[in-house]
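So for the sequence shown, my numbering puts the first residue at 1394; every next one is plus one. The beta-carbon is built from N, C-alpha and C at its ideal position, and this holds for glycine as well.
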Amino acid sequence: MSEPAGAPAPQHPLRMSSAPEATRADGISPLARAARHPLMLGLFLPLQQGAWSPSTWPRSTSWSFPYNAECAVRADELGFDLVFGLAQWLGKGGYGGEMQFRANATDPLLVTAGLAPLTRNVILISTVHILYGWHPLHLAKFAASIDHMSRGRWGLNVVTGYKKSEYEMFGIPPIEHDLRYEMADEFCRFMRRLWAEGENLTVEGRWWRMKDAFVAPKPAHGTVLMVNAASSGAGLAYAARHSDLIFITSPAGADLDRACEALPAHNRRIKELARSCGREVKTIINPHVICRETEREAREQRRAILAHQDPVAADNFYATFAGGDQASWRAATREDWVIGGNVHVVGSPAQVVDAFARLRAAGCDWIQVNFYDYVPDLEFFGARVLPLMKQAGLRAA
Ligand SMILES: Cc1cc2nc3c(=O)[nH]c(=O)nc-3n(C[C@H](O)[C@H](O)[C@H](O)COP(=O)(O)O)c2cc1C
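Next up, the structure:
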């Protein structure tokens, strides 16, 4: 039996959970907990060597599991709502240069599984390239397993792969952009049916088929938190039908003022598109935060990161995003990529909170911060920025 395309996916419930295996100490589902905050807060984990910034300015940041676990556990203690890992496939040496930028990178699916027993409340989101040889049954089972291990705190960032070289690594011919999202649509519909069905499932799709397939346990909330990042028409149409959370990028590049002018219309368009499918989606953007006691110190830090850029790594990193058929980073300059992330937020704690308030006013529901020197920057953020976010009404007390 094949399922007709067209029915939008059910949403991750924003409600009290009745499933015992999903019940937190306070009985609130992780997404409901996050939604209590006017601005939800995530941390972009540094799973890749050099994280976001092709710069050799000294720092502690490491791609290692212990370092990432330290970041995730601390983010959880500080009350962050989610931590997130991206996935990439690079050849030997990564983006190269003196620093061998991103030469080592752990897999986010395995890392989020490892973080499940180490953390208590934070949502763990992993990226998976679903078109690199996966079957919906594999991922439905893996997702339900990690969701179970984390007691209902796992989310899936569905990516279709925008780099020809990655497809070639897997020995698969590159797939045309919009077709990738049609395939993702079928993949996710089948995965959801495996989570929903109480009986064995037999389906005949255009790309995948199953006979008497079954998944148990089911995800604690009937589905995992579904996420994707998109800017193109096809990517946003997929997001509107499947995602609970959509990663957006600034249509105007990393400059905060220009981003805040462009983002309201962008956010509105995405939410209207989802509503036309009968769904409510949240948008999330990833600011790169450089915060110090004074604006002068923060700007000096930004200058130091830029001054110590690794030119070869920066050229290769920038070229990846400037090329390809993805539409999310068209406006980002090479200099933007040396700092990394999306919108750049540089200043004192009060200025950073003001920038977050502007992103909220521009229609972003979540921010997911990335840092240059993760552990100390996260600690400073917890001590100096989070209390001001509460004072400003961006975070619930
Ligand atoms: C915050 C963010 C995280 C992303 N993470 C990944 C990733 O881990 N792996 C990947 O291949 N693509 C990643 N992407 C790229 C998206 O999957 C997608 O290719 C891109 O946003 C272009 O969207 P489009 O297909 O609508 O043009 C990410 C994009 C953003 C904005």
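Given this structure, state the Cα-to-Cα distance separating residue i from residue j, to the nearest angstrom.
i, j, result
"Leu1649", "Pro1403", "34 Å"
"Arg1417", "Leu1471", "Any reading at Arg1417 needs caution, since the residue's pLDDT is 45, under 50, leaving its predicted position unreliable; the model's value is listed next. Straight-line Cα distance between these residues: approximately 17 Å."
"Leu1434", "Asp1469", "11 Å"
"Glu1590", "Leu1549", "20 Å"
"Gly1733", "Met1562", "25 Å"
"Met1761", "Pro1657", "Inspection of the sequence shows that residue 1761 is occupied by Gln rather than by Met. Roughly 18 Å between the two C-alpha positions."
"Pro1567", "Ile1421", "43 Å"
"Pro1680", "Ala1480", "19 Å"
"Ala1425", "Arg1788", "14 Å"
"Tyr1560", "Tyr1574", "15 Å"
"Arg1585", "Asn1593", "13 Å"
"Gly1646", "Ala1724", "5 Å"
"Gly1626", "Glu1693", "39 Å"
Following the continuous beta strand (DSSP E) through residue i, name the residue where it begins and the one where it ends.
i, result
"Asn1497", "Run containing Asn1497: none; DSSP gives neither H nor E here."
"Gly1554", "No beta strand (DSSP E) contains Gly1554, which DSSP labels as neither H nor E."
"Arg1602", "1602 to 1606"
"Phe1345", "Missing from the structure shown is residue 1345; the chain here goes from 1394 to 1790 and no further."
Closer than 8 Å by C-beta to residue i: which residues in its own chain qualify, once you throw out the five before and the five after it? Chain order, please.
i, result
"Ile1663", "Leu1629, Ala1632, Ala1633, Ile1639, Ile1641, Val1674, Thr1676"
"Met1542", "Ala1506, Ala1509, Pro1510"
"Val1504", "Leu1438, Leu1440, Phe1458, Asn1461, Gly1478, Ser1519"
"Pro1769", "Ser1453"
In the DSSP assignment, find the unbroken alpha helix (DSSP H) run with residue i in it and report its ends.
i, result
"Leu1779", "1779 to 1784"
"Phe1437", "Element bounds for Phe1437: not the alpha helix (DSSP H) but the beta strand (DSSP E), 1433 to 1437."
"Leu1440", "Taken as a continuous stretch (DSSP letters only), Leu1440 belongs to no alpha helix (DSSP H), as it is neither H nor E."
Take residue i and list the residues in its own chain whose beta-carbon comes closer than 6 Å to its own, dropping the five residues that flank it on each side.
i, result
"Cys1757", "Thr1676, Ile1678"
"Gly1490", "Asp1703, Val1705, Ala1706"
"Trp1450", "Ala1697, Ile1698, His1701"
For residue i, which residues from the same chain have a beta carbon less than 7 Å from its beta carbon, with the 5 sequence-adjacent residues on both sides left out?
i, result
"Ala1361", "There is no way to answer for residue 1361, as the model of the chain reaches only from 1394 to 1790."
"Trp1722", "Thr1642, Phe1714"
"Gln1784", "none"
"Gln1744", "Glu1688"
"Gly1786", "Pro1431"
"Val1778", "Cys1684, Pro1742, Val1745, Val1746"
"His1528", "Trp1601"
"Pro1401", "Arg1634, Cys1670, Gly1671, Arg1672"
For residue i, is the beta carbon positioned less than 6 Å from some heavy atom of ligand 2?
i, result
"Val1739", "In the structure shown, ligand 2 is absent; the only ligands present are ligand 1."
Using 8 Å for Cβ pairs, my map puts residue i next to residue j. What's the rounded Cβ distance?
i, j, result
"Ala1652", "Val1736", "5 Å"
"Lys1556", "Gly1717", "6 Å"
- Residue ranges of each beta strand (DSSP E) within the region 1643 to 1688, 3 or longer: If we require 3 residues or more, the beta strand (DSSP E) runs fully inside the region 1643 to 1688 come out as 1675 to 1678, 1681 to 1684.
- Item | Continuous alpha helix (DSSP H) assignments of at least 4 residues falling wholly in the region 1689 to 1747 | 1704 to 1715, 1727 to 1732
- Please go through the region 1515 to 1599 and give each complete beta strand (DSSP E) segment of 3 or more residues, from N-terminal end onward. 1516 to 1522, 1547 to 1552, 1594 to 1597
- Message: My parser needs the alpha helix (DSSP H) runs of 4 or more residues fully inside the region 1442 to 1492; what are they?
- Response: 1458 to 1471
- Query: Which ranges would you report for the beta strand (DSSP E) in the region 1744 to 1768 if only whole runs of at least 3 residues count?
  - Reply: Fully enclosed beta strand (DSSP E) runs of no fewer than 3 residues occupy 1759 to 1762 of the region 1744 to 1768, in order along the chain.
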